[in-house]
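Below is one structure; the comments refer to it alone.
Residue numbers (the working numbering): 2 to 184.
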């Protein structure tokens with residue numbers, strides 16, 4: 002009788018231990034996923050923290066263009082009610098009194114999008130895809146520009162390579178590639 006009671010207590014203890022360990026494992030995986038997914042997430046607004054990050058990227062004084070997130074890779078959900086994207090800022094390395102800048106974003110290539118997605122259609126999902134601004138000598142955009150994407154639910158899950166081009170006084174000044182993954 003003692004052996005059966007001991008065996009029963011041991012199996013209940015083992016089951017409780019397994020349940021607790023599985024709970025810890027699930028919570029651990031959840032938190033790890035949240036930590037790593039937040040590193041490359043798209044942004045939906047420019048707050049002081051994003052602006053500070055962009056300003057720090059100009060710290061060495063040699064960069065003309067800074068993009069946040071710095072990975073230049075963002076994930077956007079189809080049908081998301083709050084469009085998300087990236088922020089950028091430009092530094093004028095010219096000593097002239099002021100320079101006129103123009104920026105534009107357009108589709109460079111489509112990867113795994115099928116026949117339903119065209120470059121023109123991908124360009125139509127860009128919000129804030131072009132604009133102009135003026136910068137004084139050795140200054141930068143104090144308020145970063147925000148470019149967002151709004152993909153409808155019918156968009157295919159794929160990757161789109163966009164090109165951000167900056168022109169100064171109608172001459173190419175800088176550019177960057179931004180990779181948008183539609184999920």
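Glycine residues also receive a C-beta, built at the ideal position from the N, C-alpha and C atoms.
- In the DSSP secondary-structure assignment, residue 168 is bridged to 103, 173.
- The bridge partners DSSP lists for residue 158 come to none.
- DSSP lists 89 as the bridge partner or partners of residue 146.
- Annotated three-state conformation of residue 76 is strand, per DSSP.
- Per the coordinates, the alpha-carbon of residue 139 lies some 20 Å from the alpha-carbon of residue 88.
- Contact fails between the segment 19-37 and the segment 99-116, because fewer than three Cβ pairs, one in each stretch, are under 8 Å apart.
- Of 153, 122, 13, the smallest CA-CA separation from residue 80 is found for 153.
- Residue 125: member of the alpha helix (DSSP H) spanning 120-125, first to last residue.
- Shown here, residue 134 sits in a strand according to DSSP, grouped into three states.
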